[in-house]
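Student:
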Amino acid sequence: MALAVTEETFDRDVLQLSKQTPVVVDFWAEWCGPCRTLGPALEAAEASRGGRVLLAKVDVDSNQGLAGRFGVQGIPAVKAFRDGDIVDEFVGAVPKSKVEAFFDSLLPSKADELLAAGDELSLREAAELEPRRADVAVALGRARLARGAEEEALAAVEPHAEDFGAAGLAARIRLAKEGIGTDAFAALDAGDRDGALDALLDELSGAATPEQRDLLRRAFVGILNEGDPASADAREYRRKLAAAL
């Protein structure tokens with residue numbers, strides 16, 4: 024059963040909830056004939072997916088602020104939210120087959136499910152299914168590194184040098200081979216991210232070669248980008264890195 028949301032409940036029942044489960048929002052009105060045609064197809068699509076995609080409805084007559092906020096100019100307007108953002112949308116009473124495809128596109132892929140499982144066997148299968156995904160490669164690399172398989176971990180992330188996380192993990196492995204950054208990475212493994220970043224900054228000040236400095240920079244940036252890169256804390260650490268370099 025679709026959840027009726029209002030201007031007062033939208034952020035909680037759609038934006039926040041979409042961080043756990045995709046939410047499809049149907050902007051509609053009682054007087055809208057196409058809305059009444061589309062509604063049952065949306066509800067059937069939600070029901071058949073067992074809670075993996077949720078449906079919410081917004082009556083635009085009663086919630087004109089929401090309609091304006093999300094640029095609704097014609098109805099029915101259907102917008103899919105994931106992680107608090109619109110990821111897909113359409114306008115009009117489309118055929119049932121397109122509704123089904125729309126909902127299917129929001130479901131996690133097999134690789135997503137394997138990534139969520141998190142064990143090394145699942146991550147290896149996910150990497151085989153979607154070899155271009157850097158997030159999968161980084162997770163696999165970390166799992167291999169955790170059991171001491173440095174070369175295997177390096178092999179997982181090396182093809183993704185353009186990704187900050189992959190480049191950072193590769194740099195960590197290469198630094199460890201030279202005995203550099205051990206205190207920093209011990210702090211990181213213990214959950215002390217700030218301690219790890221501070222230790223890497225100290226290492227930068229004494230780095231012997233340009234190659235070591237570059238590896239330390241890559242490791243630093245990789246750790247920093249695991250959190251919110253736009254946070255005040257991240258901005259301050261980027262400032263410190265620029266000063267150290």
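Positions in the sequence shown are counted from 1; adding 23 to them yields our numbering. No residue lacks a Cβ here, since even glycine has one placed at the ideal position from N, Cα and C.
Could you give the uninterrupted runs of the alpha helix (DSSP H) lying entirely in the stretch 46 to 72, keeping only those of 4 residues or more?
Tutor: Those alpha helix (DSSP H) runs which fall completely within the stretch 46 to 72 and span 4+ residues are 56 to 70.
Student: Taking the alpha-carbon positions, what's the residue 216 to residue 63 distance?
Tutor: Straight-line Cα distance between these residues: approximately 49 Å.
Student: How far does the alpha helix (DSSP H) with residue 263 in it extend, from its first residue to its last?
Tutor: Where residue 263 is concerned, the enclosing alpha helix (DSSP H) stretches over 255 to 267.
Student: Given this structure, state the Cα-to-Cα distance separating residue 173 from residue 131, to the nearest angstrom.
Tutor: So the alpha carbons of these two residues sit roughly 30 Å apart.
Student: Grouping DSSP H, G and I as helix and E and B as strand, with all else coil, what is residue 79?
Tutor: In this structure, residue 79 counts as strand in the three-state DSSP scheme.
Student: So the candidates are 74, 239, 103; which of them puts its Cα closest to the Cα of residue 122?
Tutor: Nearest of 74, 239, 103 to residue 122, Cα basis: 103.
Student: For residue 231, which three-state DSSP category applies?
Tutor: Coil, per DSSP.
Student: With a 10 Å radius around its C-beta and 16 neighbouring C-beta atoms as the bar for buried, classify residue 71 as buried or exposed.
Tutor: Classification for residue 71: exposed.
Student: Rank 37, 44, 221 by C-alpha distance to the C-alpha of residue 269 and give the top, closest one.
Tutor: Beyond the ends of the chain as shown, which are 24 and 268, falls residue 269; an answer cannot be given.
Student: Hey, residue 180 and residue 204: beta-carbon distance below 8 Å or not?
Tutor: Not closer than 8 Å, so no.
Student: Secondary structure at residue 109, three-state DSSP: helix, strand or coil?
Tutor: Three-state result, residue 109: strand.
Student: Mark residue 268 as exposed unless 16 or more other C-beta atoms lie within 10 angstroms of its C-beta, in which case mark it buried.
Tutor: The residue in question, residue 268, is exposed, as its Cβ has fewer than 16 Cβ neighbours within 10 Å.
Student: Which residues share a DSSP beta bridge with residue 26?
Tutor: 79.
Student: Mind listing, in chain order, the continuous alpha helix (DSSP H) runs of no fewer than 4 residues lying wholly within the stretch 155 to 225?
Tutor: Listed in chain order, they are 157 to 169, 173 to 180, 187 to 200, 205 to 212.
Student: Would the beta-carbon of residue 113 fall within 8 Å of that of residue 95?
Tutor: For residue 113 and residue 95, no; Cβs fall outside 8 Å.
Student: Check the DSSP bridge columns for residue 104 and list the partner residues they point to.
Tutor: Per DSSP, 46, 109.
Student: If I follow the unbroken alpha helix (DSSP H) through residue 138, where does it start and stop?
Tutor: Residue 138 -> alpha helix (DSSP H) spans 133 to 140.
Student: Applying the criterion that 16 or more other CB atoms from any shown protein chain within 10 Å of the CB defines a buried residue, is residue 254 buried or exposed?
Tutor: So residue 254 counts as exposed.
Student: Closest to residue 182 by CA distance: which of 197, 155, 199, 166 is it?
Tutor: Nearest of 197, 155, 199, 166 to residue 182, Cα basis: 155.
Student: Who are residue 114's beta bridge partners in DSSP?
Tutor: Beta-bridge pairing links residue 114 to 100.
Student: Where does residue 122 sit, in a helix, a strand or coil, going by DSSP?
Tutor: In the structure shown, residue 122 sits in a helix (DSSP, three-state: H, G or I).
Student: Compare the beta carbon distance of residue 276 and residue 169 with 8 Å and say whether it is the shorter of the two.
Tutor: In the structure as shown, the chain starts at 24 and stops at 268, and residue 276 therefore has no counterpart that could be examined.
Student: How far does the alpha helix (DSSP H) with residue 92 in it reach, from first residue to last?
Tutor: From DSSP, the alpha helix (DSSP H) with residue 92 extends over 87 to 92.
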